[in-house]
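Working notes for the structure below.
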Amino acid sequence: MILDLHTHSDASEDSRAPVETYMKWLVRKRDVLPIDGIVLTEHRQWDPQADYRQLEDKYGLLILRGAEVETDYGHVLVYGVNDDITSHFDFTNVRLSAQELIPAVARMGGVAVPCHPGRPTIGLCEHYEHKPPIEDVVAVEALNGGSRRGENERVQHLIERYGYHAVGGSDSHLVSFIGICATEFDDDIRSVEDLVHSLQRGRYRPLDFRDRLKKDA
Amino acid sequence: MPTRFEDVDVGHDLQTLSLTLSGEQVKSYAIAARMPGGRFMSDEEARKEGLPGQIVPGNMSLALFSRVIAESFPGATLKKLSATFRGLVHPARPFVVHGVVTEKHRTDHGDLVECDLVLESTEGDRWVTGTATVQFPPRG
Amino acid sequence: MALDFDRSIIGSEFDRTVFAPVTKEAVVEYASTSGEPARNDATAPPTFVLRLRGHRWMPENMPKNLGRAGFDAGKDIDFGVPVRIGDVLTAVSTVHDIYEKTGRTGSMAFVVLRTVVTNQRDEHVAIIDQKMMFR
Chain A
1 MILDLHTHSD ASEDSRAPVE TYMKWLVRKR DVLPIDGIVL TEHRQWDPQA
51 DYRQLEDKYG LLILRGAEVE TDYGHVLVYG VNDDITSHFD FTNVRLSAQE
101 LIPAVARMGG VAVPCHPGRP TIGLCEHYEH KPPIEDVVAV EALNGGSRRG
151 ENERVQHLIE RYGYHAVGGS DSHLVSFIGI CATEFDDDIR SVEDLVHSLQ
201 RGRYRPLDFR DRLKKDA
Chain B
1 MPTRFEDVDV GHDLQTLSLT LSGEQVKSYA IAARMPGGRF MSDEEARKEG
51 LPGQIVPGNM SLALFSRVIA ESFPGATLKK LSATFRGLVH PARPFVVHGV
101 VTEKHRTDHG DLVECDLVLE STEGDRWVTG TATVQFPPRG
Chain C
1 MALDFDRSII GSEFDRTVFA PVTKEAVVEY ASTSGEPARN DATAPPTFVL
51 RLRGHRWMPE NMPKNLGRAG FDAGKDIDFG VPVRIGDVLT AVSTVHDIYE
101 KTGRTGSMAF VVLRTVVTNQ RDEHVAIIDQ KMMFR
């Protein structure tokens, strides 16, 4: 099962990609991007009413939802968002405490994954140089489709030193970047609960489709 | 280049611009665009503002996006243009402007084509990303 | 602490400027330096609207705690009728939104300024949303 774990629709203020256009693109590009679904991880927000089941049925792709929040250790993807989590943490706050957030999300039934760890200022690697490591981190985003040269490579050291599992995601803000990086799961995933459970188990790996797309161009 | 809506396909690559702007070109644009900030005029003026060197105005990147659209779809009309400036663009460094058609639809407002646009270094660092909506002339 | 400011500034008009008629010289200069073509000799290239500079580019009562004015972070432009040589354009600017986020260069405040441009026939020429980054 291959999912793009890090995507932004036009609900995020810096994205211009409608969800349905993502779906059409993935169906069209199926031969080079064998993506089974995406997780929408909008910036600093959570809309409990958003519902994409009609689009899932129409395009035969899974659409799950999470969020990308901002902490004192950089940005973090939160999967398994529920009322407990949103009542404890204000997602619009750009100074959340990662030492509080990540263990608390785990206790409340979700999983929080630091994203683009190799990026300056908003990635974990830089913060680990002068702050203690965060408790209860199970995985980090080792492959981010929006990162610059060298940023993904910096994460390997983190993974080896702390034993973190590795995920991949496109960090797409434009339609044509959906699915360029993704995560391959050994488990079958049909729901957010399945996703959280799988992320905790660790049986997955990041995938990079960028070379495939260049050859297809 | 397609001039008819029917001839445009989703996934169609737009015309590519490969450019290296000189400092003089950037300065000339900034003056024509009534943007006389020191950062656009010279390396020395830009460093006074705490920048590593002269930078290309974001508006000039938008003009380059518009140019790619015009060259890709002669006769069509640009209806919307967006850009997010993700990194500084400097003169004397080669870059590429390219894009792709992501959607096409017939609406009450005409035949529209949606495009993604990217301005990136030759090493693939994306400095500016954006989108465009282009309207094709009515049939007949 | 979250960004704290008087939210009544959002939606407030801070500039209204009527410009001198668009000249052929200005259009030719803009087109030649940008490389952006116009549809014909009587009109300006689309991004010519970005050349309009009102009397004030920022409200007088901007919150002081946003930081130093920094960079243009992006724009969204909705185009109406093209700008024609001889047009007398009016630009009305308001504060559309203010929010905070963190990025590669640290914590930043973003101010979205909306400028609505019309011509002498009161036709819609452009709506320009400009994101200014402060830190």
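Residue numbers (my numbering), protein chains in the order written: chain A, 1 to 217; chain B, 1 to 140; chain C, 1 to 135.
From the three backbone atoms N, C-alpha and C, an ideal C-beta is built for every residue, glycine too.
All values reported here derive from a predicted model rather than from experimental measurement.
DSSP bridge partner residues for residue i (one or two, in chain order)
i: A98 of chain A; result: The partner list for A98 of chain A (beta bridge, DSSP) is empty, contrary to what the question assumes.
i: E141 of chain A; result: A:V167
i: A91 of chain C; result: C:T17, C:V117
i: H88 of chain A; result: For H88 of chain A, which the question treats as bridged, DSSP gives no partner whatsoever.
i: L52 of chain C; result: In DSSP, L52 of chain C forms no bridge with anything.
i: R39 of chain C; result: None, per the DSSP bridge assignment.
i: H43 of chain A; result: A:E68
i: F95 of chain B; result: B:L19, B:S121
i: D78 of chain C; result: B:K80, C:I127
With 16 other Cβ atoms within 10 Å as the buried cut-off, status of residue i
i: K75 of chain C; result: buried
i: P82 of chain C; result: buried
i: V137 of chain A; result: buried
i: G110 of chain A; result: buried
i: E135 of chain A; result: exposed
i: K131 of chain C; result: buried
i: E44 of chain B; result: exposed
i: R56 of chain C; result: exposed
i: E60 of chain C; result: exposed
i: A109 of chain C; result: buried
i: P206 of chain A; result: buried
i: E68 of chain A; result: buried
i: G179 of chain A; result: buried
Residue i to residue j span [Cα, whole Å]
i: A76 of chain B; j: F136 of chain B; result: 5 Å
i: D194 of chain A; j: R65 of chain A; result: 13 Å
i: D14 of chain A; j: F19 of chain C; result: 31 Å
i: L17 of chain B; j: R161 of chain A; result: 44 Å
i: D84 of chain A; j: Q49 of chain A; result: 16 Å
i: N93 of chain A; j: R44 of chain A; result: 7 Å
i: M1 of chain C; j: K24 of chain A; result: Bear in mind that the predicted position of M1 of chain C carries a pLDDT of just 46, short of 50, making it unreliable; the figure below should be weighed with that in mind. Using only the alpha carbons, I get a separation of about 41 Å.
i: G110 of chain B; j: P138 of chain B; result: 7 Å
i: H12 of chain B; j: V175 of chain A; result: 13 Å
i: D221 of chain A; j: R28 of chain A; result: The displayed coordinates of chain A run from 1 to 217. Any statement about residue 221 of chain A would go beyond what the structure contains.
i: I31 of chain C; j: F91 of chain A; result: As written in the sequence, residue 31 of chain C is Ala, which differs from the Ile given in the question. Whole-angstrom Cα-Cα distance: 44 Å.
i: S12 of chain C; j: M62 of chain C; result: 11 Å
i: T3 of chain B; j: T7 of chain A; result: 33 Å
i: G80 of chain C; j: D122 of chain C; result: 11 Å
i: L26 of chain A; j: V56 of chain B; result: 34 Å
i: A26 of chain C; j: D129 of chain C; result: 23 Å
i: G50 of chain B; j: R39 of chain B; result: 9 Å
i: L112 of chain B; j: I69 of chain B; result: 13 Å
i: I31 of chain B; j: S97 of chain A; result: 46 Å
i: A104 of chain A; j: A182 of chain A; result: 26 Å
i: R51 of chain C; j: G106 of chain C; result: 30 Å
i: V10 of chain B; j: L213 of chain A; result: 15 Å
i: V164 of chain A; j: G67 of chain C; result: Per the sequence presented here, residue 164 of chain A reads as Tyr, with Val not at that position. The alpha-carbon atoms of Y164 of chain A and G67 of chain C are separated by roughly 37 Å.
i: V49 of chain C; j: R84 of chain C; result: 11 Å
i: P18 of chain A; j: D57 of chain A; result: 17 Å
i: D216 of chain A; j: K131 of chain A; result: 43 Å
Member of the options whose CA lies at the smallest distance from the CA of residue i
i: R16 of chain C; options: C:A31, C:V117, C:Q130; result: C:V117
i: R104 of chain C; options: C:R121, C:F14, C:F48, C:M133; result: C:M133
i: G54 of chain C; options: C:G35, C:S93, C:V112; result: C:S93
i: H197 of chain A; options: A:M108, A:I134, A:G150; result: A:M108
i: E123 of chain B; options: A:D186, A:S147, A:D208, A:F89; result: A:S147
i: T23 of chain C; options: C:T43, C:G86, C:A38; result: C:G86
i: V167 of chain A; options: A:V69, A:E56, A:P18, A:Y79; result: A:Y79
i: D188 of chain A; options: A:I178, A:G179, A:R201, A:F177; result: A:R201
i: A142 of chain A; options: A:L213, A:T121, A:V113, A:P132; result: A:V113
i: F85 of chain B; options: C:L66, C:A126, C:I10, C:D72; result: C:D72
i: R203 of chain A; options: A:R16, A:F185, A:T86; result: A:F185
i: V8 of chain B; options: B:R126, B:S121, B:D125, B:R106; result: B:R106
i: A139 of chain A; options: A:Q54, A:C115, A:A67, A:I178; result: A:C115
i: Q54 of chain B; options: B:V100, B:K80, B:G37, B:A83; result: B:G37
i: L62 of chain B; options: B:M1, B:H98, B:D108; result: B:H98
i: G60 of chain A; options: A:S170, A:R210, A:D211, A:R190; result: A:R190
i: T86 of chain A; options: A:L62, A:W46, A:R95, A:I180; result: A:W46
i: A42 of chain C; options: C:Y99, C:R135, C:V28; result: C:V28
Proximity test, Cβ basis, 9 Å: residue i and chain F
i: L14 of chain B; result: Considering every chain present, this structure includes no chain F. Its protein chains are A, B and C.
key: Contact between the segment 129-136 of chain B and the segment 98-118 of chain B (3+ Cβ pairs under 8 Å)   = yes
query = Would you call the segment 19-27 of chain B and the segment 82-98 of chain B touching, i.e. three or more CB-CB distances under 8 Å?
reply = yes
ask   = Does the segment 72-89 of chain A come within contact of the segment 24-37 of chain A, defined as at least 3 CB pairs closer than 8 Å?
value = no
task = Decide yes or no for the touch test of the segment 155-170 of chain A against the segment 117-132 of chain A: beta carbon pairs closer than 8 Å, at least 3 of them.
result = Counting C-beta pairs closer than 8 Å gives three or more between the segment 155-170 of chain A and the segment 117-132 of chain A, which meets the contact rule.
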